[in-house]
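Visitor: Numbering (this note's numbering), first residue to last: 30 to 615. By construction, the Cβ of each residue, glycine as well, lies at the ideal position given by its N, Cα and C atoms.
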RNA sequence: GGUCCGGUAGUUUAGUUGGUUAGAAUGCCGCCCUGUCACGGCGGAGGUCGGGGGUUCGAGUCCCCUCCGGACCGCCA
């Protein structure tokens with residue numbers, strides 16, 4: 030299958046059954062073990078590693094040449110496959126070796142700046158600069174090969190469900206809503222710019238108007254925002270849209286897609302896709318993307334509905350908008366040092382809690398808290414009841430403004446999950462988060478903004494609230510969360526001009542602005558637009574989760590950018606030729 | 001726009017209160033070794049301590065500025 034004019038087999042192919050045949054292999058010199066006259070070389074390609082033997086008794090000149098090879102030289106060798114006297118069970122090819130009788134150096138190599146072992150000694154920056162070398166390493170090769178398999182499985186499923194892969198343009202129009210656009214100057218239209226798509230959102234909706242019913246695309250998207258380990262300026266979406274569907278149709282269809290991909294890639298049957306409202310997620314986990322692999326949910330001693338604090342003399346609690354906490358099973362044995370670390374963790378500027386109240390409920394029933402002088406033991410026992418704690422547990426309380434406190438507890442919960450080993454890499458817990466708010470108030474710009482995007486429809490029961498009480502309108506939107514990572518999101522869309530205009534007005538666009546920026550879709554809605562809805566998955570995140578159950582996506586992208594959006598291998602972005610600049614009217 | 005961490009040999013890193021010749025591992029080079037597989041043994045070379053300025057008798061170490069990398073907050077419909 031891989032036989033070419035250069036080679037008869039790959040480096041991962043030879044077995045005992047090949048013994049006594051003569052083969053020609055090509056590959057990179059991975060390790061050289063000179064052993065007196067005799068020399069062993071591990072020859073590597075993407076299929077595996079095969080041991081070569083050079084024996085001076087067979088060919089003294091050749092054995093000497095072999096000793097002079099360097100790491101990552103690329104060579105072509107011919108020889109006989111022989112059974113090894115000392116087999117290596119760690120290698121699939123470990124039963125055999127190739128006794129080399131002819132060797133040609135196809136290309137020499139400088140000594141690589143870092144080792145290409147699975148556990149490389151290279152730092153992040155160096156590996157990025159020499160990305161093509163880093164990609165020779167087995168873990169990264171596996172990631173990209175598996176990413177290809179994920180894409181195949183996705184296409185296999187969607188093709189089977191009648192979805193049509195249709196390409197959409199990359200040079201499009203800049204629109205005011207959403208993320209900052211990357212722009213491309215137009216030479217033929219001096220002073221004007223294209224934008225690169227943040228997603229094919231409007232195009233896929235127009236394809237529904239055209240009657241394409243079921244559309245998908247694995248497509249690059251661009252957003253000019255600050256980066257994180259799970260955010261790149263260009264990233265890939267599995268972009269999907271369906272006509273004549275309601276929310277339930279979309280959730281079913283894509284739950285099954287995720288199941289299909291997990292079967293194919295991990296041979297794993299996902300058990301259930303529970304649903305949770307946005308409000309419930311925020312209340313019980315402090316976040317809209319809860320990690321369901323472990324418990325430790327939030328419980329409230331004081332919030333806008335109730336105050337269960339009882340008798341005490343502690344102003345920190347009285348003055349707080351919200352007092353809430355989690356109980357950590359079996360963690361009453363935490364040391365003072367560990368508790369200090371947790372306190373420091375929540376006080377970090379990024380988390381921003383004022384402090385952390387710790388209550389250790391010992392196995393013997395005694396209580397040790399950081400607020401012993403303010404709050405009596407019987408009151409603490411009532412707190413324990415609210416927090417669903419048991420003897421042996423550690424209770425952690427935070428008091429402060431509602432959203433800060435929830436966020437801090439959410440981060441604290443994740444940190445404890447990490448420390449206690451509750452976020453297992455073999456465990457996958459999907460979750461649909463539904464009923465997001467349609468709008469959120471942007472204090473900076475003093476206007477309402479779409480939480481999902483401005484084409485999202487809303488719950489019919491909330492229709493009247495759009496004008497009277499926008500904060501309470503529930504969107505017909507959903508996110509798919511996997512182990513605390515948002516891997517996809519979508520909505521049932523608006524499909525008539527009247528509602529779309531109401532939405533634009535609500536977002537502060539005048540009739541004229543809406544017409545100017547979004548005229549194409551408003552017009553399309555006047556020519557028989559079907560009800561439709563869809564979803565988009567972050568393909569890079571989906572891959573990083575399904576392949577390695579990790580959040581960082583850079584190791585699943587062949588040529589990613591760093592956290593300043595730079596490609597350190599190319600050294601892009603860069604200056605351009607002044608002549609070119611002039612032509613572009615810049 | 002902001003916060004935090006880091007930058008010492010090719011690479012990964014140690015370096016105490018500011019004090020003698022900046023130490024280790026790995027890689028690289030040389031010699032020895034015929035069954036290794038992270039081979040082993042002996043020896044050797046290799047340092048603008050990111051850059052600039054300052055404090056000091058003396059700076060890898062302290063201060064200021066700056067560049068680079070990483071993580072995060074804001075931001076990311």
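Which residue's Cα is closest to the Cα of residue 440: 403, 89, 355, 52?
Guide: Out of 403, 89, 355, 52, 355 has the C-alpha closest to the C-alpha of residue 440.
Visitor: Enumerated in chain order, which unbroken segments of the alpha helix (DSSP H) with a length of 4 residues or greater are wholly contained in the stretch 295–367?
Guide: Whole alpha helix (DSSP H) segments, 4+ residues: 307–314, 344–348.
Visitor: Do residue 614 and residue 567 have their CB atoms nearer than 9 Å?
Guide: Their beta carbons are not under 9 Å apart, which means residue 614 does not touch residue 567 by this criterion.
Visitor: Which runs of the alpha helix (DSSP H) spanning at least 4 residues fall entirely within the stretch 229–291, listed in chain order?
Guide: 230–238, all fully within the stretch 229–291.
Visitor: If I follow the unbroken beta strand (DSSP E) through residue 61, where does it start and stop?
Guide: First-last of the beta strand (DSSP E) with residue 61: 51–64.
Visitor: So what's residue 173 in DSSP terms, helix, strand or just coil?
Guide: Of the three classes helix, strand and coil, the one that applies to residue 173 here is helix, per DSSP.
Visitor: Cβ atoms of residue 578 and residue 405: under 9 Å apart, would you say?
Guide: No, the pair does not count as a contact, with Cβ atoms beyond the cut-off.
Visitor: Nearest by alpha-carbon distance to residue 108: which of 53, 143, 414 is it?
Guide: The shortest C-alpha separation from residue 108 is found at 53.
Visitor: Need the endpoints of the beta strand (DSSP E) that residue 71 sits in, please.
Guide: Its beta strand (DSSP E) spans residues 67–74.
Visitor: Does the pairing of the stretch 222–233 with the stretch 256–270 give three or more beta-carbon distances under 8 Å?
Guide: Yes, the stretch 222–233 is in contact with the stretch 256–270.
Visitor: For the alpha helix (DSSP H) that residue 158 lies in, which residues bound it at each end?
Guide: Here the alpha helix (DSSP H) through residue 158 covers 153–158.
Visitor: To which residues does DSSP link residue 161 through a beta bridge?
Guide: Answer by DSSP bridge pairing: none, since residue 161 is not bridged.
Visitor: Secondary structure at residue 387, three-state DSSP: helix, strand or coil?
Guide: Note: residue 387 maps to strand in three-state DSSP.
Visitor: Given that a residue counts as buried once 16 or more other Cβ atoms are within 10 Å of its Cβ, and exposed if not, what is residue 483?
Guide: Buried: at least 16 other Cβ atoms inside 10 Å.
Visitor: Do the stretch 394–410 and the stretch 452–469 touch if we need at least three Cβ pairs shorter than 8 Å?
Guide: With a cut-off of 8 Å, the stretch 452–469 and the stretch 394–410 do not count as touching, because too few Cβ pairs lie within range.
Visitor: The beta strand (DSSP E) with residue 470 in it runs from where to where?
Guide: 468–471 is the extent of the beta strand (DSSP E) around residue 470.
Visitor: Looking only at its own chain, which residues have a Cβ that is under 8 Å from the Cβ of residue 169, when we skip the five neighbours before and after it?
Guide: Once the five neighbours on either side are set aside, the close Cβ partners of residue 169 are 163, 584.
Visitor: In the DSSP assignment, find the alpha helix (DSSP H) that holds residue 532 and state where it starts and stops.
Guide: Taken as a continuous stretch (DSSP letters only), the alpha helix (DSSP H) holding residue 532 covers 526–535.
Visitor: Using 10 angstroms around the beta-carbon of residue 412, count the other beta-carbons present and answer buried if the total reaches 16, otherwise exposed.
Guide: Classification for residue 412: buried.
Visitor: To the nearest angstrom, report how far apart residue 283 and residue 304 are at their CA atoms.
Guide: Rounded to the nearest angstrom, the two C-alpha atoms are 14 Å apart.
Visitor: Alpha carbon to alpha carbon, what distance is there between residue 159 and residue 213?
Guide: So the two alpha carbons sit approximately 28 Å from each other.
Visitor: So is the beta-carbon of residue 267 under 8 Å away from any non-hydrogen atom of the ligand NAP?
Guide: For the ligand NAP, the structure offers nothing, since it holds no ligand at all.
Visitor: Please state the DSSP three-state secondary structure of residue 561.
Guide: Note: residue 561 maps to strand in three-state DSSP.
Visitor: Measuring CB atoms only, is the stretch 286–296 touching the stretch 169–189, in the sense that at least three cross pairs come out at less than 8 Å?
Guide: Yes, since at least three Cβ pairs between the stretch 286–296 and the stretch 169–189 fall closer than 8 Å, the two stretches touch.
Visitor: For residue 552, name the three-state secondary structure that DSSP assigns.
Guide: Three-state result, residue 552: helix.
Visitor: Helix, strand or coil, according to DSSP, for residue 100 in the structure here?
Guide: If DSSP states are grouped into helix, strand and coil, residue 100 belongs with coil.
Visitor: For residue 351 and residue 522, what's the separation of their Cα atoms in angstroms?
Guide: Approximately 36 Å, taken between the alpha carbons.
Visitor: What residues match up with residue 484 in a beta bridge as DSSP calls it?
Guide: Partner(s): none; residue 484 has no beta bridge.
Visitor: Quick check: what's the CA-CA separation for residue 575 versus residue 199?
Guide: Answer to the nearest angstrom: the Cα atoms are 28 Å apart.
Visitor: Return the chain-ordered ranges of every alpha helix (DSSP H) run that is complete within the stretch 383–464 and spans a minimum of 4 residues.
Guide: Counting whole runs of 4 or more residues, the stretch 383–464 contains the alpha helix (DSSP H) stretches 406–415, 431–448.
Visitor: For the candidate residues 557, 512, 519, whose alpha-carbon lies nearest to that of residue 570?
Guide: Measuring from the Cα of residue 570, the nearest candidate turns out to be 512.
Visitor: Measure the beta-carbon distance from residue 446 to residue 320 and round it to whole angstroms, keeping in mind my assumption that it falls under 8 Å.
Guide: Their Cβ separation, rounded to whole angstroms, is 7 Å, which keeps residue 446 and residue 320 in contact under 8 Å.
Visitor: What does a CB cutoff of less than 6 Å around residue 197 pick up in its chain, not counting 5 residues either side in sequence?
Guide: Around residue 197: 229, 232.
Visitor: Is the number of C-beta pairs between the stretch 128–144 and the stretch 537–552 that are closer than 8 Å three or more?
Guide: In short, these stretches do not touch, since the Cβ pair count stays below three.
Visitor: Taking DSSP as the reference, what is the three-state secondary structure of residue 35?
Guide: Note: residue 35 maps to coil in three-state DSSP.
Visitor: Quick one: what's got a C-beta closer than 6 Å to residue 62's C-beta in the same chain, skipping five residues either side?
Guide: Taken in chain order, the residues that qualify are 69.
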